[in-house]
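Colleague: Numbering (the numbering used here), first residue to last: 49 to 390.
#1: In the DSSP assignment, what residue or residues form a beta bridge with residue 138?
#2: Where do the ends of the beta strand (DSSP E) carrying residue 91 lie?
#3: Inspect the beta-carbon positions of residue 74 and residue 260 and report whether they are closer than 8 Å.
#4: Quick check on residue 189: buried or exposed, where buried means 16 or more other Cβ atoms within 10 Å of its Cβ?
#5: Could you tell me the distance, in whole angstroms, from the CA atom of residue 157 to the CA atom of residue 252?
#6: DSSP on residue 190, reduced to helix/strand/coil?
#7: Look at residue 154 and residue 63 and say whether their C-beta atoms are less than 8 Å apart.
#8: So, are the CB atoms of residue 218 and residue 256 less than 8 Å apart?
#9: Counting along the chain, where does the beta strand (DSSP E) carrying residue 241 start and finish?
#10: Which class does residue 76 belong to by DSSP, given the choice of helix, strand or coil?
#11: Give a yes or no on contact between the segment 292-300 and the segment 88-101, applying the rule of three or more CB pairs nearer than 8 Å.
#12: At the level of alpha carbons, what is the spacing between residue 61 and residue 85?
#13: Do residue 216 and residue 239 count as a contact pair if the criterion is CB distance below 8 Å?
#14: Under 7 Å Cβ to Cβ from residue 354, same chain only, skipping five residues before and after it: list those, please.
#15: Under the DSSP definition of a beta bridge, which residues are partnered with residue 63?
#16: When you compare the segment 130-145 with the segment 204-211, are there three or more beta-carbon pairs, one atom per stretch, that lie closer than 8 Å?
#17: Can you tell me where the alpha helix (DSSP H) with residue 174 in it begins and where it stops?
#18: Out of curiosity, what's the CA-to-CA distance linking residue 213 and residue 171?
#19: With three or more C-beta pairs closer than 8 Å as the rule, is the segment 99-114 touching the segment 298-305?
#20: What's the gap between the Cα of residue 181 and the Cα of residue 228?
#21: Compute the Euclidean distance between the alpha carbons of residue 68 and residue 313, then round it to the nearest angstrom.
#22: How is the alpha helix (DSSP H) around residue 346 delimited, first residue to last?
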């Protein structure tokens, strides 16, 4: 008897953008983190290599010297387009399954701090014309300062970019007081990474707390009116038993029903639910714990930026997580090959 898989409500299409500050050494961590959340698109800046692969994704780069890349899930149909610009970019179209639906175009840009943005208005205008009647997302690390997106003062690049955004009626998705790049002991957090849209209804923007060991946060954009292609096969429930034990009472039990209700409520409070897909049929709790520990230490360090011990501990956990991610990826690949052999 064939049993149909359990049906889940459609999930929004998820787009990630991340300045990875060199893709080398980060592939395994990104792969495992992406397997958990299943973004349809991952836009990378400062890749510093054209050898960019990720299991389950197709890579698009404009040329071998490009420092930008767009990774699209293999379940999506996509094609790249070229643009008349000297800026470092990748321009990809996600093609819908039905001809009656609009395409989703994604433009990924990287502009180094010392590079001008003189042609940005003309580029945005060209992209708007080419995507007329379709939906558009423009993302990237622009390294442009403007008070509108959180800097204390404007610079020339920031004024040029802000004017181009205004002239082309683009929507800035970044939320106030959400820096996208983490500073150090002598520099503040900043927002060089921006997300712009046109023709999209109710996009949800979030700066995730995960950097995967870099200094830029992963940024997530969810499009609720697009359906994700990955099929969910269940839900993983991961409980932080340490926090559970810390918050549950140790006093004698007087009423078993009341005590049981308290235990269940505490367990629910400290349990995360993560979707399982055919690409990610299981989730590794130890790796999640390492990432969570790094995020917690980073949060503490932000309040005490001169604390060298915290900084060293963060570096140690980052290295431990990266090493474990390599081991886990090799293990997963070995299991995948064994399954193919029967």
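Using N, Cα and C, we set each Cβ at its ideal position, and we do this for glycine too. Please read all numbers here as calculations on a predicted model, not as lab measurements.
Modeller: If we stick to the structure as given:
#1: 156
#2: 89-93 is the span of the beta strand (DSSP E), which, as asked, contains residue 91.
#3: yes
#4: Residue burial annotation: residue 189 is buried, with at least 16 other C-beta atoms found within 10 angstroms of its C-beta.
#5: 20 Å
#6: coil
#7: yes
#8: No, Cβ-Cβ distance for residue 218 and residue 256 is not below 8 Å.
#9: 241-246
#10: Shown here, residue 76 sits in a helix according to DSSP, grouped into three states.
#11: no
#12: The alpha-carbon atoms of residue 61 and residue 85 are separated by roughly 11 Å.
#13: no
#14: 233
#15: 89, 269
#16: no
#17: In the DSSP annotation of this structure, the continuous segment of the alpha helix (DSSP H) that includes residue 174 starts and ends at 168-178.
#18: 11 Å
#19: no
#20: 31 Å
#21: 39 Å
#22: Bounds of the alpha helix (DSSP H) holding residue 346 are 333-351.
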